[in-house]
Structure formats: structure tokens, C-alpha cells
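In terms of our numbering, the sequence shown has 209 at position 228, counting the first letter as 1, and numbering is strictly consecutive.
Just so it is clear, CB atoms sit at the ideal spot from N, CA and C, and this is done for glycine as well.
Computed from a predicted structure; not experimentally measured.
As C-alpha cells, the structure follows; a few thoughts come after it.
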Amino acid sequence: MNVAFVSPLRQVDAIHEPPRGGVQIGPALMASLLFNKGWKVHFLDESVHNGGWQRRELCVRTLWPGQRGIHEEALNRTWGEVHEEKMYDFHKLSSTDFIKKYSAFREDGSVQRIIARIGIPEEETIEYLRRHHIEAVGIPLAASANYLAATSLGARIKRELPHVRVVMGGQHITADPVKFVRDNPWVDHVAEGDAITTIEAMMAGRLKDKIVPGGFQKMEAYPVMNCDLLADAGYSTPPTHNFPSGLKSIDWMASRGCYRHCEFCFAGRPEQKVTQSGWDKIRQQLDHFVACGYQEIVLQDDAILSRPKEFFIPLLGEMKQRGLSWSDNGGVEFESLSDEVTAAIMAYNDGRPGKCFSLYVPFNPRQGNEKQSSAGSMTTKYENSKENLKKLRSAKVYVLTSIMVGTPDQTHETFAEDMAASRKLIVDGYLDTALPLSATMLPGTRWFERNGHNIVHPDDWAGYNLFSTHHNTNDMTARKIEEGMIRWVKESSDVQTIEAWQCAFA
Ligand code: B12
Ligand code: SF4
């Protein structure tokens, strides 16, 4: 068959969100599987394809209180102009005055955002599919923030190329496939959970049911990711979502699933138990990355420090042997940052080829510390892990964390404590940066169940990312959460530098 995986263009909030993206590992692995079976497979990411990242069209999107649907008006300004004015105001105005001017939550109760469409327009995607005689298209919908772009593209393909089968999947759909199909009846199939064992039958049209359950699959089910399929996709070097080492890098997961069940995270659902790749596959994959010219691996594993002696430390050995550099973007578990793990990472930076550039070590709210400062409570409880952060920095590893604003249990006081604790960690040399993230109630998580009713507007899809706010809490209004994001960037600027990939205000 002749099929395509198509990630649609991005629709981002031009004021509050830094545009970030990268290879979607799930679709890349499914594309590799079908390619290995002799299918012709096209891998398109329309946010970067054909110079897409530079193509940004702006509009003002308004959502009225009590009314469903969005209203959009074209904005005759460039991304550069909007960014320049925003940054001028950001430096000149107080946090409160900045939010008065730029809040998405208006006095009349509407939600209003400047939206940038980043990537190539839908008509060019349709033309590509037509020209290449594509028979079936897979559209990922992992992040809810991509809902409008993904459903608009899928519906348009069905309208203009009705013979093309449209198959969708990803974490957003897995959270509620029944609702998704009800709202989008044109779709041919959706995956509930993993599609690695079902994608072939869905794309080939061998199934009748719309919702195709795939469970949570172990790493054995996944092939080696074939990077030749991604070669012409248009991804940038350095990446837009990670420490800019300047090297040619690729996102990868050597394991997935987690043993913790954080209330805000989809990866922590009880059925998603940790599964780690076998060594033969890991070696084949790393050899293939090297052969394709990749110099740095961006690890996205959910629980990279699970069984560190048997997995993480030998994995470092395999990467070092090949002179590969690496960073961790998926999150290193602070509690498990033992002396042994720290020593292995420090030893990586021994001057021989291959370097560990950066580690993201989140101090997230955990069970039991929800009503406290995460940075304060975690670093007090795990004093040894804290000291290891300093050691890692001495080995020239860039160590960053995040500070979550607007978690359901946060109060103004605990947020102030979190800012103070994060600041002290930076000043005392434990961290390079703490970047602010606006808490998000993601479908399928316990936060969604507990606080989903506080999402200001149900059609505010652009609010489902970690930088723009979409909700109130019992203690904080949406505006106060937005203001907290601005305050932290402003008030910490004397002790840290936040980069463009970490925040919209750089
Ligand atoms: C790597 C990663 C990233 C990377 C790159 C991802 C990318 N290019 O989009 C970066 C750092 C850039 C990133 C960004 C974001 N991410 Co992210 N990310 C992940 C992470 C850690 C791994 C995803 C992965 O590759 N998994 C491995 C593969 C094998 O599994 P999979 O993706 O689940 O794919 C399987 C199924 O879902 C299904 N499937 C997936 N796609 C498709 C497509 C089709 C056609 C079909 C049929 C099936 C199907 O089948 C696959 C194979 O079995 C996940 C957490 C996780 N554990 O999955 C979060 C996750 C996907 N991200 C999440 C979020 C919120 C974001 C951001 C919005 C954060 C932000 N910036 O504000 C952005 C969105 C970017 C964007 N606009 O697309 C959420 C999404 C939840 C939600 N409902 O929104 C997740 C689930 C983490 C969480 N917090 O719970 N992310
Ligand atoms: S946030 Fe991290 S530690 Fe928590 S469940 Fe998700 S992957 Fe696991």
C-alpha cells in the first residue's frame, strides 16, 4: 500500500507559548513497521515540511462564554511584530499590567487568543496526498492542543479525497475514543491505546469497527525506528524543544511507561507499566542513528531510572561506545538520582567523544506534597539527590527543572514558597534554570476528573499546552495563574536566563 503519516500544522498561542516540536516517536515507529513490510510510506510533519516552521499566519480567536465553537478573524501582523511588541511590554510593564493587556481571559468573560498557524496550509497537504496517490492517512492526536488542527485536516481529507482512509490515534483519543468518534463521525478508525499491533489492519481497511483497542504494548512490539523515513521531513538542528547543543539530534525512547501515578500525567496510568527495550534492539537502533549522522540522542523515556543498574547505566555504556551525546527531555526522576547514577553521568563527560548536555529534573507535585512547594518539599526530603544536582553541574551538565503554576491544590502562599525555594536552589548552585509551566488538566488524568470543570471554555484547545493557562482553581483565577507565569520569569531574571525553547518570553 501507499500510505502517509501526517502530523498537521501547529496552532499555538502567539503570546504565551513557545513553539516547540519534534519527531513524534509513535508515528515514526508505526511508519517504520509498515515500511519493513514493503509498504510505500510517506512521513510528513506539516509544521516543518517545506519550510513550514517559518510560515506563520496569525488570527485572533475568540470563544464566547456559554457558546460552543470558535470565532476567528485574520490578523494583519507578522509573528515578528507581535513578538517584538510583547517583549517590549514584558520588560516595561509590571506583571499585573502585562496581564491586563495580554491575558486570554477578558473582562466580558470571553477567551481571546492570538493564534499562530505554524506550517504549511491544508491545501498543500491535500495536494501532496493527491499527487502521490495516497490510499490511507494516519493522523496523530497525542497532545490535546493539536485537536483543532488534527480534526480539521482529517475532515478536509475525507471531504476532498473521500477514497482516502483516515486513521487517527494518540493519547488525546485514547482518553475518550467514544466521544472523539461521536464528535468526528467522518473518521474511518481510531486507535484506543497503542496502535503498533493494529495499524496495519486499520490502514489496509481490514477492520470494521471504528474504535480499535490496542492496549499498552511492550517494547518488544516496536521495530527499530527507520530514520531514512524522516530524512526529508524538515526537522531543524538544533531542536526547538531541547537544550541547543548544535548537534544533529533525534528523540528516542528506550523504555516507556512509569511506576508512579502522578495525577497530571497520562503516562502514569496504572496500565502503563514500565517496559524496556532488549539490548539487541537498542544496539541496532544506536548503530542506525550513528549511520544516519545523528550525534545526540534526546531521551524521552517516562521512567528512565527504573532498574538503573540493569538498564540506565548499561544504556549509557552503549551510547558512549558509539561516541553519541545525549540529553534527557522526558524527565529524570529526582527521587532516584542516586550516587551511582550521578557518578555514571559524570563519568560520561570524561572528555572522550560523547557528552551529556542537559537533564530535565522536574520537582512535580507528588502524593503527599500537593499542598506544599514542590521544590521545597522534594529537596528537603531527598537531600542526597539534591547534592547530586550540584555534582552534575560541576561535570558541565545543564540541569533544569520546572515550577508548576496553578496546580489544583496550590495556594498563593505555596506558589510564593515554590518561587522562593526554586530561586534559592539556583542561587546556591543546584540548578541552572527553573522554567515556569502552567498546570494543564489533560484528558484521561485525575486532574482532569478533579478540576476539569474549572477549564474556562471547553473549546479552548490552545490552552491545553503547558505554557498557556486554561483553567481556574479553587484558590487562583486563570488570570492570577497567567500572572504567576510572568512573575516568575521577571523576578528570577537576575539569577537565571530562560531560553526561547523554555518560555515564550525570551
Ligand atoms: C516525546 C514527547 C514530546 C516531545 C515530542 C513529541 C512531538 N513531536 O509531538 C515534545 C517534548 C516536543 C513534546 C511536546 C508536547 N507534549 Co509531549 N510527550 C512526549 C512523550 C514523553 C512521549 C511520546 C512518545 O513518543 N511515546 C512513545 C510512543 C511509542 O507511544 P505513543 O506516542 O503513545 O504512540 C502510540 C499510541 O498513542 C498510538 N498513536 C500515537 N499516534 C498515533 C497516530 C495514529 C495515526 C494512530 C492510529 C495511533 C497513534 O499508537 C502509538 C504506537 O503504539 C509523551 C508521554 C508518553 N509517555 O507518551 C508526552 C505527551 C504526549 N505530551 C504531552 C503534551 C501535553 C505535550 C505538549 C502540549 C507540551 C507543551 N509544549 O505544552 C507539547 C505538544 C507538542 C505538539 N504541539 O505536538 C501529553 C499529551 C496529553 C494530552 N492529552 O495533551 C503527553 C501524553 C504527556 C503527559 N503530560 O501526559 N512531547
Ligand atoms: S510525571 Fe513522570 S513520574 Fe509522574 S507518572 Fe508521569 S512519567 Fe511518571
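Range covered by the beta strand (DSSP E) that runs through residue i
i, result
"Trp60", "First-last for Trp60: 60 to 73, but that is the alpha helix (DSSP H), not the beta strand (DSSP E)."
"Thr43", "37 to 44"
"Arg468", "Here Arg468 belongs to no beta strand (DSSP E); instead the alpha helix (DSSP H) covers 459 to 472."
"Val386", "379 to 386"
"Arg98", "92 to 99"
"Arg111", "Note, Arg111: premise wrong, no beta strand (DSSP E); alpha helix (DSSP H) at 103 to 112."
"Asp53", "Sequence inspection shows Glu at residue 53; the Asp mentioned does not correspond to that position. Here the beta strand (DSSP E) through Glu53 covers 52 to 55."
Residues that DSSP places opposite residue i in a beta bridge
i, result
"Asp309", "Leu280, Leu340"
"Glu173", "Pro194"
"Arg140", "Per DSSP, none; premise fails for Arg140."
"Asn(-17)", "Lys21"
"Met149", "Ile120, Val171"
"Phe233", "What sits at residue 233 in the sequence shown is Trp, not Phe. According to DSSP, which records beta bridges pairwise, Trp233 is partnered with Leu280."
"Thr256", "Arg237"
"Ser419", "Val386"
"Ile436", "His452"
"Phe498", "This structure gives no information on residue 498, because the portion of the chain shown stretches from -18 to 487."
"Val476", "DSSP, once it has assigned bridges, lists no residue as partnering Val476."
"Asp(-6)", "Ile96"
"Ser13", "Answer is none; Ser13 lacks a bridge partner."
"Asp441", "None, per the DSSP bridge assignment."
"Asp26", "Ser(-12)"
Delimiting residues of the alpha helix (DSSP H) encompassing residue i
i, result
"Ser355", "355 to 362"
"Gln264", "The sequence shown places Arg at residue 264, rather than the Gln named in the question. Run containing Arg264: 260 to 272, per the alpha helix (DSSP H) assignment."
"Leu412", "No alpha helix (DSSP H) holds Leu412; DSSP gives it neither H nor E."
"Asp399", "393 to 408"
"Asp320", "320 to 329"
"Arg427", "427 to 432"
"Gln483", "Neither: Gln483 is in no alpha helix (DSSP H) and is coded neither H nor E."
"Met300", "293 to 302"
"Phe161", "158 to 164"
"Ile285", "Unbroken run through Ile285: none, as it is neither H nor E."
"Ile180", "180 to 185"
Residue from the options whose Cα sits closest to the Cα of residue i
i, options, result
"Val118", "Lys21, Pro166, Pro219", "Lys21"
"Thr43", "Phe224, Arg94, Pro424", "Arg94"
"Trp260", "Lys18, Gly215, Ser230, Pro204", "Pro204"
"Asp175", "Trp167, Lys199, Arg187, Gly186", "Lys199"
"Ser403", "Asn369, His393, Val476", "Val476"
"Leu(-10)", "Ile99, Asn57, Gly61", "Ile99"
"Val(-13)", "Pro8, Ile294, Ile(-4)", "Pro8"
"Cys40", "Phe71, Leu14, Val(-7)", "Val(-7)"
"Leu296", "Ala156, His269, Gln257", "Gln257"
"Ile278", "Pro439, Leu188, Ser308, Asp456", "Ser308"
"Val271", "Glu368, Leu305, Arg49", "Leu305"
"Gly410", "Ser375, Val437, Gln483", "Ser375"
"Ala485", "Gln48, Thr221, Ile407, Ala172", "Thr221"
"Asn455", "Lys362, Gly50, Leu416, Lys352", "Lys352"
"Ile6", "Ala123, Phe79, Ser355", "Ala123"
"Ser226", "Val378, Thr59, Glu27", "Val378"
"Leu267", "Tyr69, Arg241, Lys301", "Lys301"
"Asp314", "Trp45, Ile80, Phe293, Leu15", "Note on identity: in this sequence residue 314 is Glu, with Asp being the wrong assignment. If we check each option's Cα against that of Glu314, Phe293 comes out closest."
"Cys239", "Leu142, Phe197, Cys273, Phe344", "Phe197"
"Phe245", "Glu116, Leu129, Phe429, Ile192", "Phe429"
"Leu129", "Gly444, Ile80, His113", "Gly444"
"Leu416", "Phe344, Phe247, Pro439", "Phe344"
"Gly387", "Val380, Asp399, Leu381", "Asp399"
"Ser494", "Arg37, Arg140, Lys254", "No statement about residue 494 is possible, as the shown extent of the chain runs from -18 to 487 and does not include it."
"Gln265", "Arg303, Ser230, Pro289", "Arg303"
"Glu104", "Asn127, Ala85, Ser133, Gln152", "Ser133"
"Ala202", "Ala214, Arg187, Thr178", "Thr178"
"Gly47", "Ala481, Glu464, Ile462, Asp440", "Asp440"
"Lys362", "Glu394, Leu318, Leu340, Thr218", "Leu318"
"Tyr275", "Leu228, Thr395, His438, Val(-16)", "Leu228"
"Glu173", "Gly50, Pro166, Asp190", "Asp190"
Any 3 or more C-beta pairs closer than 8 Å across the stretch -6 to 5 and the stretch 178 to 186: No contact exists between the stretch -6 to 5 and the stretch 178 to 186.
With three or more beta-carbon pairs closer than 8 Å as the criterion, would you say the stretch 465 to 473 touches the stretch 204 to 211? no
Three or more C-beta pairs closer than 8 Å, one from the stretch 342 to 360 and one from the stretch 272 to 291: is that the case here? no
Is the stretch 155 to 169 touching the stretch 420 to 428 in the sense that three or more CB pairs, one from each, lie closer than 8 Å? yes
Would you call the stretch 98 to 116 and the stretch 141 to 156 in contact, with 3 or more CB pairs under 8 Å? yes
Any chance the stretch 16 to 31 sits against the stretch 82 to 91, with 3 or more Cβ pairs inside 8 Å? no
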